[in-house]
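Enquirer: Below you will find the structure I want to go over with you.
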């Protein structure tokens with residue numbers, strides 16, 4: 002998490018021995034948006050990977066013979082895939098300035 006790491010590295014500016022809250026706030030305002038966008042972009046990459054894997058699982062389970070008990074789980078995989086796709090759509094707008 003780049004944004005969390007950045008915050009942890011810089012918090013001493015606000016609460017340290019020589020604290021300077023305005024300087025901390027200025028640095029946070031200047032730097033944190035970029036780190037948050039990078040974190041979101043990384044998260045979106047993981048979501049897209051998950052969606053591709055879930056697509057394959059849905060197809061695999063759906064193409065099993067009808068009498069195979071595992072075939073019924075294709076709907077569960079499809080539901081998870083849809084939720085991950087929704088998450089992708091919700092976060093995508095925050096990935097770019």
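In the numbering used here, the protein residues as written are 2 to 98.
Idealized CB from N, CA, C, for every residue including glycine.
Computed from a prediction, not measured in an experiment: that's the story for all the values here.
CA-CA distance, residue 69 and residue 46?
Expert: Approximately 33 Å, taken between the alpha carbons.
Enquirer: Given a threshold of 16 other Cβ atoms within 10 Å of its Cβ, counted over all protein chains shown, does residue 91 qualify as buried or as exposed?
Expert: So residue 91 ends up on the exposed side.
Enquirer: Which residues in the same chain have their Cβ closer than 7 Å to the Cβ of residue 40, if we skip the five residues on either side of it in sequence?
Expert: Taken in chain order, the residues that qualify are 2, 3, 4.
Enquirer: Helix, strand or coil for residue 20, going by three-state DSSP, please let me know.
Expert: Residue 20 falls in the coil class under three-state DSSP.
Enquirer: Helix, strand or coil for residue 56, going by three-state DSSP, please let me know.
Expert: Residue state, collapsed to three classes: helix.
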